[in-house]
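Chains B and F supply the protein sequences, listed in that same order.
Residue numbers for the first sequence follow our numbering, so the first one is 190 and each next one is one higher.
Residue numbers for the second sequence follow our numbering, so the first one is 190 and each next one is one higher.
Structure first, then comments.
Protein chains: 2
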Amino acid sequence: MYAIAIHGGAGAVPRASLSPERELQYRAGLEAALDGGYAVLERGGSSLDAVTAAVRLLEDDPAFNAGRGAALTREGAAELDAAIMDGREQRAGAVAAVRHVKNPVELARRVMEKSRHVLLVGPGAEEFALEEGIALMPNLYFRTPERISQLEHEQRGERVSDLVPPGKGTVGAVARDRDGNLAAATSTGGMTNKRPGRVGDSPIIGAGTYAKNGVCAVSATGHGEYFIRAVAAHHVCAAVEYRGLTLELAMRELLDDILRGLGGDGGLIGVDRDGHVVMQFSTEGMYRGARDSSGRSEIAIY
Amino acid sequence: MYAIAIHGGAGAVPRASLSPERELQYRAGLEAALDGGYAVLERGGSSLDAVTAAVRLLEDDPAFNAGRGAALTREGAAELDAAIMDGREQRAGAVAAVRHVKNPVELARRVMEKSRHVLLVGPGAEEFALEEGIALMPNLYFRTPERISQLEHEQRGERVSDLVPPGKGTVGAVARDRDGNLAAATSTGGMTNKRPGRVGDSPIIGAGTYAKNGVCAVSATGHGEYFIRAVAAHHVCAAVEYRGLTLELAMRELLDDILRGLGGDGGLIGVDRDGHVVMQFSTEGMYRGARDSSGRSEIAIY
């Protein structure tokens, strides 16, 4: 069985204030990313290519907090983080605090495939992008009017309109391909009004992103600091690998016992060795979608 | 029982080429850091204060790859990473790619205690340092003649003299105080000739550094990329917490099965809930020391 799952962030807009137009917009964005990733698997492509394709599409969609439409720092800039992990040999690549890379997930993948390193941050990561022939974009490209207004509201201490996308969250994808290879990827703009240089869990291997063949692939979303302290994605994978928990139980333990104990919430998507997709969260909602070769296909928010 | 262990990096100078003068220098540096950390515990101080004190001393000692005497990037600059974790509530702080902070472990601790965040990188981390009243130092302060010569040798493709400190490695400390609280801290300059912006495992919570009361505190050293992919410190702590392995067995599994399987080597120091110190490595040596209230006291390299 081959399968893919995606998320567009936990802590969705409260159900009561989500307009029908907004909901359609989110669902269409999730659908497009799910289609793009699933198409790769369907034609025999790798899970690595599938999660890259899905996350790229979510990065390009301004409705989600990654790539274009990212939440802004307290100085009004977009600063982007992303990671990718290949379950085959647990190779991984990640970037953090980049300001001019259109698709951070692509750069994370280059770090994995073309450098000796796993994590590159800031201008050094962008220097590597240029060496790899990746054109840089002006920071303006990432900043949408909605995010600028959201930052202004937050800085004035006003309640942020429920009509704009949540000021935190991430996007991510996990997949299993026909060969049984697992992969995970996560990308984010972080939190609205964050300090420049703040890095959340998304690009941290083991926290926001993890994949190991024969075990599972996981991508997380939520309040990043708690996911880092809990080493969330690795906690889930280690529980599956060494304690024999199902992916579902491992995620519930992480969300209900570990994270709640620390005071944090969020969500996780994952796929196990057999291609069984699990999506769990402790927030009111999580933008998400799943599709597999057995015919399962869903998009959901709450 | 209260106890502290420290390391000054795995992959020590080969035994055959370590001069007696050099060996004395390393031993004196380790001794001073062990004394400094142990003194905190002895007078009833916290494990957090003890690991901070020990790592500060190792950062200030130019013989070790952290703070002054850090390995240099391919552009000849020092770029420093550090993390600290408090086992009480798994609070954590970390910084990466800072160039002007004399004691990165101090800044990591401020991130934990004074910010909403866990990880700050680059200029944003230094902005936070300035807001916290921490004076910045010129990058020159960190660069020693030995490290400059080591970088030149490496860039010319020459074999690096065994008489200079290894071009990778880290420093770290773990401790248990009289109240049973555990803490861990790690600091490094990374690898000689690294890309600017490259971040290793040291500041990654779960990879190079982890602490959880009632379980263990761990600090790692070695080829950072492999430790990130293995989520090394968390692997060890999760094995102790959930599978009932001794700290020693958990470290051997990580070094001999997981890391070796990926092609990496290095070492770990840790202290368990009872104050039992364990130090294990898969390299020829690891600069290390341990002392506890039962009378154990040792400094060793091989």
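Each residue gets a CB set at the ideal place from its N, CA and C atoms; glycine is no exception.
For the stretch 385 to 396 of chain B, which residues have a CB atom closer than 7 angstroms to at least one CB atom of chain F, in sequence order?
Pro385, Gly386, Arg387, Val388, Ile393, Ile394, Gly395, Ala396
Which residues in chain F sit within 7 angstroms of B:His306, going by Cβ to Cβ distance?
Per Cβ cutoff of 7 angstroms: Arg384, Arg387, Glu414.
Below 8 angstroms between beta carbons is the criterion; list the residues of the stretch 279 to 303 of chain F that meet it against any residue of chain B, in chain order.
Gln279, Arg280, Ala281, Ala285, Ala286
Own chain, CB closer than 7 angstroms to F:Ser483, minus 5 neighbours either side, in chain order:
The residues are Met190.
If you pair each beta-carbon of the stretch 394 to 406 of chain B with each one of the stretch 324 to 341 of chain F, do three or more pairs fall below 8 angstroms?
no
Would you say F:Met468 touches the ligand MG, meaning its beta carbon is less than 7 angstroms from a heavy atom?
The model depicted lacks the ligand MG and carries no ligand whatsoever.
Assigned secondary structure, B:Phe416 (DSSP; H/G/I helix, E/B strand, else coil)
In the structure shown, B:Phe416 sits in a helix (DSSP, three-state: H, G or I).
Please classify B:Asp494 as buried or exposed, where buried requires at least 16 other C-beta atoms within 10 Å of its C-beta.
Look at the range of chain B in this structure, 190 to 491, and you will see that residue 494 of chain B is not part of it.
In chain F, which residues lie less than 8 angstroms from B:Arg432 when you measure between Cβ atoms?
Tyr431, Arg432
Inter-residue spacing [alpha-carbon to alpha-carbon] between B:Asn295 and B:Cys426
First, the residue type needs correcting, since residue 295 of chain B is Glu and not Asn in the sequence shown. Going by the C-alpha atoms only, they are around 24 angstroms apart.
Whether F:Pro392 touches F:Ala283 by CB criterion (8 angstroms)
yes
Given this structure, state the Cα-to-Cα distance separating B:Val429 from F:Gln214, to the nearest angstrom.
46 angstroms
Does the CB of B:Glu343 have a neighbour CB from chain F at under 8 angstroms?
no
F:His196: first and last residue of the uninterrupted beta strand (DSSP E) it sits in:
192 to 199
Bounding residues of the beta strand (DSSP E) (the contiguous stretch that carries B:Arg480)
475 to 481
Pull out every residue of the stretch 441 to 470 of chain B whose Cβ sits closer than 8 angstroms to any Cβ of chain F, in chain order.
Within the stretch 441 to 470 of chain B, Leu451 place their CB atoms closer than 8 angstroms to a CB of chain F, listed in sequence order.
In the DSSP assignment, find the unbroken alpha helix (DSSP H) run with F:Gln279 in it and report its ends.
That residue, F:Gln279, is in no alpha helix (DSSP H); it is neither H nor E in DSSP.
Name the DSSP beta bridge partners of B:Tyr399, please?
B:Val407
Determine the extent of the beta strand (DSSP E) in which B:Leu461 is found, giving its start and end residues.
First, the amino acid is wrong: residue 461 of chain B is Asp here, not Leu. 455 to 461 is the extent of the beta strand (DSSP E) around B:Asp461.
CA-to-CA distance, F:Ala271 to F:Ser376, given in whole angstroms
4 angstroms
Per DSSP, the bridge partner or partners of F:Thr492:
Residue coverage of chain F in this structure runs from 190 to 491, which leaves residue 492 of chain F outside it and unanswerable.
Tell whether a beta-carbon distance below 8 angstroms holds between F:Ile273 and B:Ile417.
no
Determine, for B:Leu309, whether the minimum Cβ-Cβ distance to residues of chain F falls below 8 angstroms.
yes
Among F:Ile195, F:Leu223, F:Ser236, F:Arg336, which one has its Cα closest to the Cα of F:Gly145?
Chain F is shown only over 190 to 491; residue 145 of chain F falls outside these bounds and no answer can be derived.
Can you tell which of B:Pro203, B:Glu437, B:Ala221 has the C-alpha that lies nearest to the C-alpha of B:Ile488?
B:Ala221
In angstroms with no decimal places, state the Cα-to-Cα distance between B:Leu325 and F:Leu371.
44 angstroms
For F:Glu437, go through chain B and note every residue whose CB falls closer than 9 angstroms to its CB, in chain order.
None at all; the shortest Cβ gap to chain B is about 17 angstroms.
So with CB distances below 8 angstroms, who are the chain B contacts of F:Arg216?
The contacting residues do not exist; F:Arg216 stays about 32 angstroms from chain B at best.
Going by beta carbon distance, what residues of the same chain come within less than 8 angstroms of B:Arg299, once the five residues before and after it are set aside?
Gly282, Phe317, Ala318, Glu321, Ile323
Under 8 angstroms, do F:Val388 and F:Ala297 count as touching if we go by C-beta distance?
no
Could you give the uninterrupted runs of the beta strand (DSSP E) lying entirely in the stretch 323 to 389 of chain F, keeping only those of 3 residues or more?
360 to 365, 371 to 377
Could you tell me which of F:Arg449, F:Ala374, F:Ser338, F:Gly378 sits nearest to F:Ala194, measuring between CA atoms?
F:Ala374
Within the same chain, show all residues whose beta-carbon is closer than 6 angstroms to that of B:Ser471, passing over the 5 residues directly before and after it, in chain order.
Leu444, Asp454
What residues of chain B sit near F:Ser331, judged by a beta carbon separation below 7 angstroms?
The question names Ser, but residue 331 of chain F is Phe in the sequence shown. Within 7 angstroms Cβ-Cβ: nothing; F:Phe331 doesn't reach chain B, min ~17 angstroms.
Going along the chain, which residues of its own chain have a beta-carbon closer than 7 angstroms to the beta-carbon of F:Arg441, five neighbours each way excluded?
Gln469
Does B:Leu309 come out as helix, strand or coil in the three-state DSSP assignment?
strand
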